[in-house]
Amino acid sequence: MKRSALRPLLGKTLAALSGTMISGVVWADYQFNLREPQSALARDVYDLHTLINLVCLGIFIVVFGAMFYSIWKHRKSAGHKAEHFHENTTVEIIWTIIPFFILIGMAYPATKQVLAMKDTSNPDMTVKVTGYQWKWEYDYLKDDVKFMSTLSTPRAQIQNKEAKGEHYLLEVDEPMVVPVNKKVRVLLTAGDVIHAWWVPELAVKQDAIPGFIRDAWFKSETTGTFRGQCTELCGKDHAFMPIVVKVVTQEEYDAWLAAKKQGAAMAAADNSKTFGKEELMAKGEAVYNANCAACHQANGAGIPGAFPGITGSAIATGPIDAHIDIVLNGKPGTAMAAFGNQLSEADIAAVVTYQRNGLGNSVGDVAQPVQVAGMKGGAEAAAPAGN
Amino acid sequence: MAHDATHAHDDHGHAQPSGIMRWLTTTNHKDIGSLYMWFAGIMFLIAGTMALVIRAELFQPGLQVVDPEFFNQMTTLHGLIMVFGVIMPAWAGFANWQIPLMIGAPDMAFPRMNNWGFWLLPVAGFLLVLTLFMPGGGPAGGWTMYPPLFIQGGISYDLTIFAVHILGASSIMGSINIITTILNMRAPGMTMMKMPLFVWTWLITAYLLIATVPVLAGAVTMLLTDRNFDTHFFNAAGGGDPVMFQHIFWFFGHPEVYILILPAFGVVSQIIPTFARKPLFGYASMVYATASIAILSFIVWAHHMFTVGMPATAQLFFMYSTMLIAVPTGVKVFNWVATMWKGSMTFETPMLFAIAFVCLFTIGGFSGLVCAMTPVDIQIHDTYYVVAHFHYVLVSGALFAIIAGVYYWLPKWTGHMYDERLGKLHFWLSVISMNITFFPMHFLGLAGMPRRYADYALQFAEFNAIASVGAFLFGFSQLIFLYLIIKAIKGGQKATDQVWEGAEGLEWTVPSPAPYHTFETAPVVK
């Protein structure tokens with residue numbers, strides 16, 4: 001039997017079963033099986049899963065058919081008298097050896113797939129993906145395009161204050177964009193704790209481990225938007241760092257890349273500008289809500305015992321250099337990340353200004369991108385000595 | 001019956017403290033067995049309540065009941081307490097009560113260490129529950145305690161590590177005691193290959209504990225020093241490796257799952273022959289299968305880590321070794337069915353739970369086989385499919401076997417029959433609600449819902465709602481069990497010595513309830 005022929009078989013069986021179970025309920029909401037595969041590898045995995053399920057189902061029917069037959073026929077209440085056999089070496093040998101051969105039959109396709117999955121050689125392009133609490137960073141290594149991708153579902157939907165949208169918790173501000181039919185190698189690492197990057201339709205899941213780089217690959221055969229989520233517990237907002245991969249044609253990809261490069265040039269220009277307080281406060285609020293509010297809360301109160309508040313805190317109302325320093329470099333041993341390599345200098349200047357003059361604080365001073373840049377250079381120079 | 005008079009006489013010879021001191025100072029294997037069981041029962045209610053908090057939050061998408069930080073504390077403590085505070089102590093309780101009775105020994109080999117081993121447990125349990133009242137709340141890094149996440153937390157994470165150390169010390173004491181008792185204190189004629197299968201499975205379990213618990217202690221000690229003394233075992237910036245923790249943890253963790261399930265195999269192998277009125281089929285192959293599973297359990301640990309990015313050769317090795325476990329496990333299932341075949345079966349509550357065990361544990365075994373296939377596992381790793389898998393082997397596996405064992409031996413322990421009608425009600429409610437709770441989780445995992453999520457996308461709403469309804473039904477059904485046990489302790493129909501028509505073995509030769517001291521003169525086994 002051709003492997004791909006197995007797939008609809010199980011799907012149909014399940015559909016028939018569930019159709020009788022839940023007739024009258026909207027079908028689309030009951031997904032019983034793996035999602036529709038979008039790459040050759042994902043299709044193989046799907047078929048392997050179907051194959052194992054059918055083997056298991058067969059064994060289950062034989063073994064438990066025998067058991068329930070026995071339960072029915074060999075009841076004391078039906079007057080059955082117990083026989084006293086309790087050993088048979090031939091039978092024991094048979095039911096040790098048969099499963100062994102079934103397993104070999106299953107291991108063969110699985111082995112081929114493992115080898116295919118691990119083969120990350122000769123990619124068409126490479127993207128470095130870094131997990132942070134709680135967002136993903138995509139770095140298109142050869143093209144100097146680098147951006148953060150954060151959950152775009154409004155907090156109000158999570159708190160049940162607004163109706164939930166179609167892609168609730170599965171939508172981001174900046175999706176990863178890749179061309180169709182190209183072998184994309186992803187390099188995975190993390191900045192704080194272990195995360196895992198998963199796109200079910202493309203059968204790719206790889207842990208992102210701080211301090212190490214692992215790789216995986218995928219090659220989508222269709223265009224479309226595929227949604228996945230972080231699959232390694234990474235703290236309180238583990239459920240709120242989805243992955244969205246937009247697979248587009250080569251032309252669309254080229255256009256997207258060009259627009260991204262232009263955007264990056266404009267953002268770089270911001271880093272040498274001097275901003276007014278109003279501008280910094282407005283920008284700072286947006287940066288704060290995207291990067292800080294998850295722990296320190298949108299109102300700056302924090303969560304007592306777990307995450308310190310910003311309102312009235314010694315750092316946010318103390319010397320500005322110390323404030324910039326902790327945002328740049330984080331606090332080791334806690335969930336406070338080093339944002340120096342996640343946010344631009346303009347972003348850090350804005351968020352520091354916002355924390356000092358918003359959220360119930362009114363220190364009055366402002367931070368400028370150049371000031372942040374100076375400290376960033378200084379911190380990097382001092383780092384080897386400090387460690 | 002001749003024993004009776006001697007026992008009554010002997011009891012006068014001991015000056016027994018009364019009240020709380022009786023329990024604090026007891027060195028009697030039956031008292032300590034009961035203490036273990038009550039401890040497991042209380043912790044079951046606590047960790048079960050945590051499970052209901054989890055299921056209440058997951059009833060609908062969005063955050064309604066708790067915030068994600070507290071949700072993670074619930075999943076972490078639910079896992080830690082269920083594994084270390086419920087299933088393991090319950091099996092230790094069975095070991096204490098039953099092993100001396102089944103091998104014809106007067107007590108455990110080291111009665112005072114037995115007392116100490118038990119009384120460490122409430123301390124550890126107290127520490128674990130105490131974490132919830134610490135600044136920042138309880139540990140929220142998952143029961144597997146993976147760094148670097150586990151390095152980030154506050155004081156409660158250190159308390160958790162201490163609790164795990166204490167639990168480990170208790171387990172090791174218990175294991176040494178069990179091994180020594182079994183190897184040295186069997187009645188004349190009770191050769192190794194005549195031992196009841198429950199004794200065999202516990203002997204092998206005890207060896208697994210001694211081999212792996214120190215490994216866990218080492219892993220959490222490294223976490224402790226990474227957290228507090230600036231070591232960098234698991235910190236890449238200091239030359240360490242966070243994945244090393246996972247290797248060490250699962251080198252303990254995989255044998256641990258067999259520590260939880262092997263005694264269950266033993267209990268079921270006692271119950272099925274009794275109610276089929278037919279000897280266990282393939283006794284010797286059951287012993288060899290148990291030993292094979294135990295040995296294999298040491299070389300499969302990295303199948304918990306197929307997504308960390310191991311080389312292909314490592315992935316293949318752990319896939320093959322994991323698949324191999326299906327062979328001895330299959331032998332066990334076939335032997336149980338062959339034991340029932342052409343027996344003369346009755347279906348009292350212990351038998352019902354034992355049959356449900358064979359059937360549902362096998363479903364957990366099949367989903368285990370699915371997880372063993374590396375390419376498929378990469379899709380379902382850390383999703384609800386895995387949650388479904390390990391709840392099938394731990395709830396309808398380990399827990400159902402514990403419940404079956406309690407019903408089976410309760411008349412021997414209390415001297416009274418439990419209420420059979422309520423027992424059957426408890427069975428049917430449990431088995432139905434258990435499947436309502438955990439079967440839909442397979443679909444959730446396949447469709448892409450990751451585990452340890454406080455909130456989820458809309459397409460997962462229906463199955464989550466079904467699972468939550470099932471969980472509450474399952475949780476409240478267990479109150480029937482508690483009521484039944486208390487009722488049987490207080491009174492009820494008097495149990496005979498043999499209790500069950502088809503029961504065979506030394507424990508059924510002593511009176512019901514079993515006197516405080518048994519087998520002071522060793523019985524002779526033919």
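So the protein lines, in turn, are chains E and R. No gaps in the numbering here: position 229 of the first sequence is 229 in my numbering, and each next residue is one more. No gaps in the numbering here: position 177 of the second sequence is 177 in my numbering, and each next residue is one more. By construction, the Cβ of each residue, glycine as well, lies at the ideal position given by its N, Cα and C atoms.
C-beta contact flag for residue i and residue j at 8 Å
{"i": "methionine 108 of chain R", "j": "asparagine 177 of chain R", "result": "yes"}
{"i": "isoleucine 320 of chain E", "j": "aspartate 365 of chain E", "result": "yes"}
{"i": "proline 440 of chain R", "j": "phenylalanine 463 of chain R", "result": "yes"}
{"i": "glutamate 420 of chain R", "j": "glutamate 348 of chain R", "result": "yes"}
{"i": "lysine 128 of chain E", "j": "leucine 57 of chain E", "result": "no"}
{"i": "leucine 128 of chain R", "j": "isoleucine 81 of chain R", "result": "yes"}
{"i": "alanine 39 of chain R", "j": "leucine 121 of chain R", "result": "This sequence places phenylalanine at residue 39 of chain R; alanine is not what is there. Cβ atoms of phenylalanine 39 of chain R and leucine 121 of chain R: closer than 8 Å."}
{"i": "isoleucine 204 of chain R", "j": "alanine 90 of chain R", "result": "no"}
{"i": "phenylalanine 357 of chain R", "j": "tyrosine 407 of chain R", "result": "no"}
{"i": "cysteine 371 of chain R", "j": "histidine 389 of chain R", "result": "yes"}
{"i": "leucine 103 of chain E", "j": "alanine 326 of chain R", "result": "yes"}
{"i": "lysine 261 of chain E", "j": "valine 177 of chain E", "result": "no"}
{"i": "alanine 203 of chain E", "j": "glycine 131 of chain E", "result": "no"}
{"i": "tryptophan 413 of chain R", "j": "proline 513 of chain R", "result": "yes"}
{"i": "threonine 153 of chain E", "j": "leucine 141 of chain E", "result": "no"}
{"i": "glutamine 159 of chain E", "j": "glycine 165 of chain E", "result": "no"}
{"i": "glycine 174 of chain R", "j": "arginine 277 of chain R", "result": "no"}
Min CB distance residue i to chain R below 8 Å
{"i": "leucine 169 of chain E", "result": "yes"}
{"i": "arginine 214 of chain E", "result": "yes"}
{"i": "serine 272 of chain E", "result": "no"}
{"i": "threonine 231 of chain E", "result": "yes"}
{"i": "cysteine 292 of chain E", "result": "no"}
{"i": "tryptophan 136 of chain E", "result": "no"}
{"i": "leucine 54 of chain E", "result": "no"}
{"i": "leucine 34 of chain E", "result": "yes"}
Residue i at chain E interface by Cβ criterion, 8 Å
{"i": "histidine 381 of chain R", "result": "yes"}
{"i": "glycine 41 of chain R", "result": "no"}
{"i": "methionine 145 of chain R", "result": "no"}
{"i": "arginine 277 of chain R", "result": "yes"}
{"i": "threonine 307 of chain R", "result": "yes"}
{"i": "asparagine 28 of chain R", "result": "no"}
{"i": "leucine 280 of chain R", "result": "yes"}
{"i": "lysine 194 of chain R", "result": "no"}
{"i": "threonine 374 of chain R", "result": "yes"}
Neighbourhood of residue i by C-beta distance below 7 Å, restricted to the same chain and skipping five residues each side
{"i": "glycine 19 of chain R", "result": "none"}
{"i": "tryptophan 250 of chain R", "result": "Trp301, Ala302, His304 and Met305"}
{"i": "alanine 503 of chain R", "result": "Thr274"}
{"i": "leucine 52 of chain R", "result": "Ala471, Phe472 and Gly475"}
Any non-hydrogen atom of the ligand NAP closer than 7 Å to residue i Cβ
{"i": "asparagine 115 of chain R", "result": "The ligand NAP is not among the ligands present in this structure, which contains no ligands whatsoever."}
Beta-carbon contacts of residue i that lie in its chain and below 6 Å, excluding the five residues immediately before and after
{"i": "glycine 282 of chain R", "result": "Asn335"}
{"i": "phenylalanine 234 of chain R", "result": "Pro147, Asp226, Gly240, Pro242 and Phe245"}
{"i": "tyrosine 354 of chain E", "result": "Met281, Gly284, Glu285 and Tyr288"}
{"i": "glycine 142 of chain R", "result": "Thr76"}
Beta bridge counterpart(s) of residue i as assigned by DSSP
{"i": "glutamine 206 of chain E", "result": "E:Trp197"}
{"i": "glutamate 345 of chain E", "result": "Paired residues: none, contrary to the question."}
{"i": "tyrosine 138 of chain E", "result": "E:Val129 and E:Phe147"}
{"i": "isoleucine 243 of chain E", "result": "E:Gly228"}
{"i": "lysine 494 of chain R", "result": "R:His416"}
{"i": "aspartate 215 of chain E", "result": "E:Leu187"}
{"i": "leucine 22 of chain R", "result": "Here residue 22 of chain R turns out to be arginine, not leucine, going by the sequence shown. Answer by DSSP bridge pairing: none, since arginine 22 of chain R is not bridged."}
{"i": "phenylalanine 307 of chain E", "result": "E:Ile303"}
{"i": "valine 177 of chain E", "result": "E:Lys246"}
{"i": "valine 172 of chain E", "result": "E:Leu151"}
Residues of its chain near residue i, where Cβ-Cβ distance is below 8 Å and the 5 sequence neighbours each way are ignored
{"i": "leucine 262 of chain R", "result": "Thr201, Trp202, Ile204, Thr205, Leu208, Thr290, Ile293 and Ala294"}
{"i": "asparagine 184 of chain R", "result": "Ala109"}
{"i": "asparagine 228 of chain R", "result": "Asp158"}
{"i": "tyrosine 418 of chain R", "result": "Thr349, Tyr407, Leu410, Pro411, Leu484, Ile485, Lys487, Ala488 and Gly492"}
{"i": "threonine 25 of chain R", "result": "Pro17 and Asn115"}
- Item | Unbroken stretches of the alpha helix (DSSP H), 4 residues or longer, contained in the stretch 29-73 of chain E | 40-73
- Message: Restricting to runs no shorter than 4 residues, where is the alpha helix (DSSP H) found entirely within the stretch 401-485 of chain R?
- Response: 420-447
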